[in-house]
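Enquirer:
Numbering (the numbering used here), first residue to last: 135 to 296.
1. Among the residues of its own chain, which have a CB less than 8 Å from the CB of residue 168, if the five just before and after it don't count?
2. For residue 248, I'd like the list of residues in its chain whose CB is within less than 7 Å of its CB, leaving aside the five on either flank, ordered along the chain.
3. Apart from the five residues just before and just after residue 209, which ones in its own chain have a Cβ nearer than 7 Å to its Cβ?
4. Looking only at its own chain, which residues have a Cβ that is under 7 Å from the Cβ of residue 170, when we skip the five neighbours before and after it?
5. Going by alpha carbons, who is nearest to residue 214 out of 236, 166, 264, 201?
6. Classify residue 290 as buried or exposed, calling it buried when 16 or more other Cβ atoms lie within 10 Å of its own Cβ.
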């Protein structure tokens, strides 16, 4: 199964949005529904880097996060503004899950106009089916997350918090 979502983000262009999005081990800064996202192994921003993401959806009785995933950065291309990663382990039920995030500049005729017009963010994935869950629900979840990411990027660019 697979799917994708995309969102437009107003602001200061694709390269500034990429600065925020490509910060692999600090994804929680763009996605407020995450309690934490931190490096567990490897070198930040390099293929092989592992991050752990934990949700804010509640805590188990022992204080551990309700849902979590360990993800591996597979590739990153700062020229093409794209990175790929996979879920290595989780308690969500994923078997195989490989995703790609890419930033596209808005189509304009001049570089100055492109820098002022914002960008489009695309998040696509291929995955094994989740037991008891439908593809449409996963796509809806990712689309909602992408909406929050676009808002966070716009907010940080407006506030100068790059």
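We treat Cβ as the ideally placed atom computed from N, Cα and C, and that holds for glycine.
Expert: Quick look at the numbers:
1. The residue labelled residue 168 in the question sits at position 34 within the chain shown. Answer for residue 168: 161, 162, 187, 188, 189, 190, listed in chain order.
2. Indexing the chain shown from 1 puts residue 248 at position 114. Only weak support exists for where residue 248 lies, its pLDDT of 47 falling under 50; the value from the coordinates is given anyway. Residues of the same chain with a CB within less than 7 Å of the CB of residue 248, apart from the 5 flanking positions on each side, are 147, 239, 240, 242 in chain order.
3. Taking the first residue of the chain shown as position 1, residue 209 is located at position 75. Closer than 7 Å at Cβ, skipping near neighbours: 181, 217, 218.
4. Along the chain shown, one-based indexing puts residue 170 at 36. If we look at residue 170 and ignore the five residues flanking it on each side, its Cβ neighbours are 162, 188.
5. Here residue 214 corresponds to residue number 80 of the chain shown, with the count starting at 1. Between residue 214 and the set 236, 166, 264, 201, the nearest pair of CA atoms involves 236.
6. The residue you call residue 290 lines up with position 156 of the chain shown. In this structure residue 290 is buried. Its beta-carbon is surrounded by 16 or more other beta-carbon atoms within 10 angstroms.
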